[in-house]
Structures are given as structure tokens and as C-alpha cells.
Amino acid sequence: MLNNFKGLIDAVHIRDEAKVVLKIVQTSSNEIPTALYLSSPDLQHDPRNHTVPILDVLLLPDDDTTALLVMPQLIYFNHLPFRRLGEVTEAFSQYIEGLDFMQEHRILHGDVCQLNLMMEMTQVIPRGVHFVRRWTHDGVNEKLEWKTRWSVRPNKYYFIDFGHSYVIPLHITKPVGIGIYGQDKTVPEFQSPNPYNPFLMEIYQLGNVLMNLIKDYDGLESLLELATAMTRHNPNDRISLRNALDQINRIPKKSLNSRVWRKETPPPFRFMMRWCGKETQWIAF
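In C-alpha cells:
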């Protein structure tokens, strides 16, 4: 079934009946070789690799210019509300680690922004979601049964979409980016025509996703220092990914269980969830 996202089709993997997504890509682009390289056995088995696994590449019989990438169906990382601080740190520790992994292998993703940060859903939504109407299971009945991330942890988070990606050759010791690309147009480097370090640009992109999440939730104040360090105006002043991962991992374990709330969550719902043990399944809250 076609959905509103250009070039995406959902399907079912016959062998195991798993829900998958087919993405139409240009064979001349960097997306196929980059995605396949990241899904190669050596890299895919590295626990630091948090890029979506490529299940197959389907070549079209009458068109050499396009192909289909086959990937598992995922949900946006923020499709379900976060309930605990530890749910957020679990997600962003994987994203920081995964971005560091890509950069270590000299892969520039180029668009480490909100719509490319995904979550594996089989644990939190065992019945799955409809590909188009993602707040339903079947596309008809507007009720989605789901479990909190905290109750089924650990969860897996992934990067998708390598349409802006490329591998930086080893002989280039100082990678250079020029121009504007990706979803986030607030990157300070984009405000000048001067070349910049694209790896430092990615740190800002991911940090700004975290910063926006902090603005949307009560209870994430302990992550503000990290988000600020990742989004400093001067690229050279931004925290390194290794130090960012160390910082997020140093958050006291006893605080990970603390509640976080979307700012629009009304007090009655907060009371029920905190004191009555009732987890509302409304995605809005």
C-alpha cells in the first residue's frame, strides 16, 4: 500500500511474515552502497551499529536506474510518549553511540534529524501499526494498544535514510561540507557560505533533536547540559560524541526511573499514572 511518504511502500516478508518497508532509491545515489556497507556482516554484528538493517535489495527487471531497499517497518522514536527519564537516555545513548560508530567508519549520514530517528516496535506495540494510519493497528479502529518502553526494556533505536550520506575517503584528513542539507535549517554552519566540518554539524543536528524534546517535556532538565554542549554555536566548542556518551551514561541509575511528562499532559492523568498505577494508553499524553 502506498502511503503519504514519497517512494515508500509497505509489504510483508513471506518467509517470516514480518512487516517490512520498500524504499525506491536511485541506483546512482550513495544510499545503496552506504546502507549495504553498514549492513555488512562485520558491521551489523557490532553492538555500536544502530543503523537500520537492510534485508534485501530488489533490482527492477525493466529499470536499471532504480531499485528497492527492503527494511523492517519501524516507528518514529517519539511516536509513543516517553514516561521515564531512563527511556530517553536509552534512546539517545544509542543514537550518540550509533553516530560515533558511523563517524568512526568515516560515514557521513548528513541528516541526523527527527524524522530519521526510529524505534523497533515489536516489544512496545506487539500487534504492530498500520503503515499509513500509525495510531491504529489495522487502519480502521482508532485504538492503539501499546506498552511503555520502561516495561519492556531494553529497546532498539535506529537511524534510517542515507540519501544524504557518503563515505569520506581515508586520505581526506579534514572533511569539508558546503551548503545546506537535511531537515534542520537552524545549524549555525548553514548561516554562512564558508565550508565546515560535516561531522561536527551532525553533532548539532542530533543535539538539537534532544533540545527540542527537552522543550516538549517536563522532567528532562538533567539532559539540558548535554543538549547545550552538543548545540554550541561554535562547532569546535561542541562536545565530542565519546564525551557525550560518557555524560549520558553517568546519570545516576536511581534517577532513571523518574517520571517525565509531555507538557500538555493534564494533572489528572499525571496523578493517575504516578499514584494509581494506571498507565493511560493515549498517545497524546
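Under the numbering used here, the first residue of the sequence shown is numbered 1, with each subsequent residue one higher. Beta carbons: idealized from backbone N, C-alpha and C, even for Gly. Just so it is clear, the structure is predicted and the values come from calculations on it, not from any experiment.
| Check | Outcome |
| --- | --- |
| Bridge partners of residue 175, per DSSP? | DSSP, once it has assigned bridges, lists no residue as partnering residue 175. |
| Between 33, 181, 100, 244, which lies nearest to residue 196 when the distance is taken from Cα to Cα? | 181 |
| What would DSSP say about residue 56, mapped onto helix, strand or coil? | strand |
| Just the Cα atoms here: how many angstroms apart are residue 162 and residue 144? | 30 Å |
| Mark residue 134 as exposed unless 16 or more other C-beta atoms lie within 10 angstroms of its C-beta, in which case mark it buried. | buried |
| If I'm right that residue 74 touches residue 52 with Cβ under 8 Å, what's the distance once you round it to whole angstroms? | 7 Å |
| Taking C-alpha atoms, which residue in 175, 183, 84, 59 lies nearest to residue 152? | 84 |
| What's the C-alpha gap between residue 54 and residue 99? | 18 Å |
| To which residues of the same chain is residue 1 closer than 8 Å at the C-beta, ignoring the five residues directly before and after it? | Here residue 1 scores only 40 on pLDDT, less than 50, and its place in the model should not be relied on; the value that follows carries that caveat. So the qualifying residues of the chain are 9, 10, 131, 132. |
| Is it right to say residue 179 is buried, meaning 16 or more other beta carbons lie within 10 angstroms of its own, or is it exposed? | exposed |
| Could you tell me whether the region 108 to 122 touches the region 263 to 275, using the rule of 3 or more Cβ pairs below 8 Å? | no |
| Measuring straight from C-alpha to C-alpha, what distance separates residue 189 and residue 172? | 20 Å |
| Per DSSP, which one or two residues make a beta bridge with residue 84? | 259 |
| Count the CB pairs spanning the region 236 to 254 and the region 204 to 224 that are closer than 8 Å, and state whether there are at least three. | yes |
| Starting from residue 16, follow the alpha helix (DSSP H) in both directions and report where the run begins and ends. | Per DSSP, residue 16 belongs to no alpha helix (DSSP H) and is neither H nor E. |
| Please classify residue 255: is it buried, with 16 or more other beta-carbons within 10 angstroms of its beta-carbon, or exposed? | exposed |
| What is the DSSP secondary structure of residue 162, counted as helix, strand or coil? | coil |
| According to the Cβ coordinates, are residue 23 and residue 7 closer than 8 Å? | yes |
| Does the pairing of the region 209 to 222 with the region 64 to 74 give three or more beta-carbon distances under 8 Å? | no |
| Give a yes or no on whether the C-beta atoms belonging to residue 246 and residue 208 are separated by under 8 Å. | no |
| For residue 40, count neighbouring C-beta atoms within 10 Å of its own C-beta (all shown protein chains included) and say buried if the count is 16 or more, exposed if not. | exposed |
| Give me the residue from 194, 94, 177 with the minimum Cα distance to residue 156. | 94 |
| Please classify residue 2: does DSSP put it in a helix, a strand, or coil? | Residue confidence for residue 2 is low, a pLDDT of 41 falling below 50, so the modelled location carries little weight; the figure read from the coordinates is stated next. Looking at residue 2 - three-state DSSP - the assignment turns out to be strand. |
| Taking 8 Å as the limit between beta carbons, can you name the residues of its chain near residue 147, skipping five residues before and five after? | 123, 124, 125, 126 |
| Are the Cβ atoms of residue 46 and residue 92 separated by less than 8 Å? | no |
| Hey, residue 128 and residue 121: beta-carbon distance below 8 Å or not? | yes |
| With distances taken Cα to Cα, identify the nearest neighbour of residue 223 among 248, 36, 44. | 248 |
| Excluding five sequence neighbours on each side, which residues of the same chain lie with their C-beta closer than 6 Å to the C-beta of residue 229? | 239 |
| Should residue 199 be labelled buried (16 or more other beta-carbon atoms within 10 Å of its own) or exposed? | buried |
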